[in-house]
Every structure is written in structure tokens, then in C-alpha cells.
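Notes to accompany the following structure.
Number of protein chains: 2
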Amino acid sequence: MTVSLRERRRQQTAREIQLATLELAHQHELENVTTEEIAAAAGVSTRTFFNYFTNKEAAAVGAPPPFREEDKNALAAGTGALADDIKQFLDRHIEDLGKDDPIIKMMGRVIRSNEKASGILEGFLKMERDELTDCLCKRVQNRQTAASLAGATTSAIGRAIYLWNHEPDLSLGAALDMAWEGLLEASVLLTLPARD
Amino acid sequence: MTVSLRERRRQQTAREIQLATLELAHQHELENVTTEEIAAAAGVSTRTFFNYFTNKEAAAVGAPPPFREEDKNALAAGTGALADDIKQFLDRHIEDLGKDDPIIKMMGRVIRSNEKASGILEGFLKMERDELTDCLCKRVQNRQTAASLAGATTSAIGRAIYLWNHEPDLSLGAALDMAWEGLLEASVLLTLPARD
DNA sequence: CTAAAACTTTGCATGGTGTGCAATATTTGC
DNA sequence: GCAAATATTGCACACCATGCAAAGTTTTAG
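Protein chains in written order, with the working numbering: chain E, 13 to 208; chain D, 13 to 208.
Have a look at this one:
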């Protein structure tokens, strides 16, 4: 077997704790929920809760799905227009995110109302941004350019999730398309010499 | 007088607490410093510390200088190329930031090693981003475009501060120029139909 | 100038947070 | 099965953050 029973149980417990955290946070706001309540809801001791997550905000955020190696390689080695290759990369990643649909929706609410949680997410996003910057450095020479592209790209994901959370009838993919259009139009405007 | 004695003393105390926090954090890492130590170093009681800031991370971040109303108005009403008007806006803001030079340098270190602190800063930055988005909505029709521009702009500030913190011989203004160049080049690359 | 109103500082009590440690229980590889 | 590795748990402890009430300071107005 590829993963041991132990490993699977660990993942399982971590997920149960995250779900318990998000559900309680959804009902009472995370700040009004104690770690004790979360642990009880997840069926573990308080101490075990802290063996999995250092605090309830980290439990709410969990471990966001990472970029796929294959997608990163495809982006770094791509030969199409840069914008198209990045968009394809984003589409693939958004697809992965969509699989955790309910978790992400609940998380969105928590993060908008909890600074500590948003800081923890920001930490993950920063790592992703750096990862993407390194990857894009293989397509563009200047590191600042790569960093700017990576920043624009990850914040498009952020805006897409925001839109999707606030517009009930929008699919995650459609929200990404809107955010992406906005990014492309912004790029055009920034390169324009004179006003509209 | 424009501000009362009370108000001036409040600002003063807040600043003393922030400085005490940053100095202690600089020596021992913020997480190893207790609120009690910070309060003692700032010459106030622990309870008073909490009357000013809800936690030590907030004390480290303090209250970042806001955008100037005049600059926002100039940007919203500007008639030059959008890129030029935004750059001018940024230059003015960076000038304000430069006035708190030592504070920002110390803060940078704290924020890079403390998730809670970076979440609090992220909260301020989000407010600035939203402010800028509203402002740019007067120059561009599509809100997603404005949001994308605002995101790219504020993250250029972030990258400039990062560069300035890591390259000893770089002025804050020069760092902004580098980050800005990166953004412009990224914009060109995103609008290019085929590969370089 | 003074007295009441408004606000600030402080100590104390209290309950939640997060870690180290040691005992107990479970899984794994042999 | 059994020993090694890993997980879970209770307990103790230090720190964090808030409410409250008493004491002190600044402001305002007569």
C-alpha cells in the first residue's frame, strides 16, 4: 500500500478537526468557539487537537491543496503565449480547489472575519507565490517581473474565490474568468501611453 | 490648537508602546517577548498596554500611514496615462512611508516571522486595496479591472519594501522603481499574443 | 478658579490558549 | 506475537486578553 493506515488516520483526524472547526465557526464565529469545544466535536482530547494544529485558526485553514508538479512543469516549459499558459495553469489549480468546495466556502467566511486566520492563509499564499515566481523565472528573465506576474496570478485566484463566495449563481470557473479578464484589461491599461 | 493635549499624549504613548515592542522583538523575536515585558519597557501597566492594542502583534504593526486624500483625488481625477498617474500616487505614498523608516525596517522582520502580525498588516492592506479600488473605479469602468490594478499596485509597494529590506544599498524610492518596472514588464508580457 | 464631566490608568479576578512532560495505548515491521 | 515507533491523553504551568471598579488626570463651563 502507498500510505500506511497510520498516515490515513492522521489525514482523516486532521480533516475531522478542520470540519468540526469550520462548522462551529459557521454557527458561532470562530472567536466565540473554544478549542475544547472543537476537540469535543471532533472526538479527540484538547491535547490531541494541539498535536494536529497549533491553534483553532490553523485548524480552520487546514492544508490548502498545493500546485501540481505537472502543472508547474508545463507552465515553466510552455511555448504558447504567456497569458494563455498561465490561464491554463490557473484553470487546473482552480479545478483542484473546487473539489473542496464546501470547505473553501466556509473558510472564506472565517478568514474575512478573523485576522489571525487570514494571516495563516497569507503564509500559505506567500509560499505559493514564491513557488510560482521561481517557476515563472524560467519564462521571464527579470525576477521582479516574475514576482509581479506571480502576485497578479495568485491575487486573481483570491478575487475569483471572493466573487464566487458573494455571487450565488457564479461557478468557481466563471468567477476565475471574470477575475482573469480584469487582470488582462488592467495589463492593457497599464501599457497604454495616453488616457482612454 | 488643532489636537488636544490628551490626543497628543495618546499618540505619543501608542508610539512608545510600538517602539518598545519592535525593539524587544528585534532582540528576542516577538513570540519570546511577553506583553508584560513590553508594557514595562514602555513605562505603562500591562492593563494599559491592552487599552492601546489588543495584542503584541497589533502593537508591532501600529497604524500604518494612510493614503493622502489629495493623492487619491489627484489619481481619480488625473488625465495622464494611467500608469504614470498611478506611479506618481505611489511615489507620494512611498515618501510618507519613508518618514517612518526605522519602524518599517524593524516591522518587516517581525512580519516575516510572525503569522499573526502579518495577518494584522494584511487587514490594513486589504483596506488600502479596497480604498484604491474605489478610487480607480473612477478611471476604469470594470470593477474587476480596478481591483486588479489596485492589487498590482499595493503588491508593488510590498515588493519594494521587501527589496529595500534585503538590499542594504537600495533606497526605498529606487526599490519602488524596480518593482514598478517589473509590474510594467509583466503587463506587456501578459498582453503579448506569442512567446518572446 | 473651581467643580463636575469626560476620559485614562491601574490592579485584580477570571477564563481561554498553547506547550512540556510522562503515562498509556495503538500500529508497524519483523 | 513482540519490540520499536508513533499517537493519545491528563496534568501542570505560563501567558494572553477582557471586564470591572477604584483612583487619577484633563477638559469644559460657569
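Yeah, the Cβ is synthetic: ideal placement off N, Cα and C, and Gly gets one too.
Computed from a predicted structure; not experimentally measured.
query	result
Residue range of the alpha helix (DSSP H) that includes proline 76 of chain E	Element bounds for proline 76 of chain E: n/a, residue is neither H nor E.
Meets three-Cβ-pair contact criterion under 8 Å: the stretch 129–142 of chain D and the stretch 125–133 of chain E	yes
Arginine 207 of chain D at chain E interface by Cβ criterion, 8 Å	Caution is warranted here: a pLDDT of 45 is assigned to arginine 207 of chain D, below 50, making its placement in the model unreliable, and the coordinate value is therefore given only provisionally. With 8 Å as the cut-off, arginine 207 of chain D counts as an interface residue toward chain E.
Under 8 Å by beta carbon: chain E residues contacting methionine 190 of chain D	Gln156
Local conformation of lysine 99 of chain E per DSSP, three classes	helix
Threonine 66 of chain D - DSSP class collapsed to helix/strand/coil	coil
Same chain, Cβ closer than 8 Å to glycine 163 of chain D, five either side skipped, listed in chain order	Arg141
Between the CA atoms of arginine 59 of chain E and glutamate 193 of chain E - distance to the nearest angstrom	47 Å
Closest residue to aspartate 112 of chain E among E:Leu204, E:Leu184, E:Ser167 (Cα-Cα distance)	E:Leu184
Reference lysine 150 of chain E; option with closest CA among E:Gly90, E:Arg124, E:Ser167	E:Gly90
Contacts that lysine 111 of chain D makes with chain E (C-beta to C-beta distance below 9 Å)	Correct list: empty, because the minimum Cβ distance to chain E is about 25 Å.
Glutamine 7 of chain D (DSSP reduced to helix, strand or coil)	Because residue 7 of chain D is not part of the residues shown, which for chain D are 13 to 208, the question remains open.
Three-state secondary structure assigned by DSSP to threonine 46 of chain D	coil
Exposed unless 16 or more other CB atoms sit within 10 angstroms - verdict on valine 152 of chain E	buried
For alanine 95 of chain E and leucine 196 of chain E, believed in contact at Cβ under 8 Å, the rounded distance	7 Å
Proline 77 of chain D and aspartate 103 of chain D closer than 8 Å at C-beta	no
Contacts that isoleucine 132 of chain D makes with chain E (C-beta to C-beta distance below 8 Å)	Glu127, Gly131
is_contact[glutamate 193 of chain D, chain E] using C-beta, thresh 8 Å	yes
Alanine 53 of chain D, DSSP secondary structure in three states	helix
Euclidean distance between Cα positions of glutamate 48 of chain D and glutamine 39 of chain D	16 Å
Nearest-angstrom Cα separation, counted from alanine 187 of chain D out to valine 73 of chain D	21 Å
Inter-residue spacing [alpha-carbon to alpha-carbon] between arginine 171 of chain E and glycine 55 of chain E	35 Å
Test item: CB-CB of isoleucine 173 of chain E and glycine 120 of chain E under 8 Å	yes
Where valine 45 of chain E falls, given that 16 or more other Cβ within 10 Å makes a residue buried	buried
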